[in-house]
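Since the structure comes first, as structure tokens, the remarks are kept for the end.
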Amino acid sequence: MSVRVTKLTECASCGAEIEPAATGRPRETCGDRCRQALWRKREAEVRKREAQWHRGEQRREEPGRRSIQDLRRAFFSGSAEEQRAKRDEIARRLRERDLELRRQRDRCLAESEVAA
Ligand SMILES: [Zn+2]
């Protein structure tokens, strides 16, 4: 508990001790100068991360991206015949799903007509 209090009364920019705010949100910095410096530092970190993202350095770490690449590789692997078979299988599943959704919609419409 005492550690937490000490942290709250340390300037997040220069580390100087600051008096805790009497009311409202605990103060993060000792003054305007440090508050602005901290804001600029955080802005720079955001810009740096954005730049990394645009260069593709972080894209590899994105969750889910790897599995999409694996899927793509799996889909485009194999002979033309195998790829056609995979496409047909996906199309068949989509048609089944479409039919099932239409059946569900019709059931809902029928039920609402009975209720009305
Ligand atoms: Zn400070």
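Per the numbering used here, numbering of the sequence shown is gapless, rising by one per residue and ending at 117. We treat Cβ as the ideally placed atom computed from N, Cα and C, and that holds for glycine.
Going by DSSP, Cys35 is part of the alpha helix (DSSP H) stretching over 33-56. In the three-state DSSP reduction, Glu11 falls in the strand class (E or B). By the criterion of a C-beta distance shorter than 6 Å, Ala38 is surrounded in its chain by Ser14, once the five residues flanking it on both sides are discounted.
When only Cα atoms are considered, Arg74 and Arg43 end up about 38 Å apart. Classified as exposed, Thr24 has fewer than 16 neighbouring CB atoms from the shown chains inside 10 Å of its CB. In the displayed model, Glu20 falls within coil according to three-state DSSP, outside both helix and strand. When distances are taken from the beta-carbon of Thr24 to the heavy atoms of ligand 1, even the shortest one reaches 6 Å or more.
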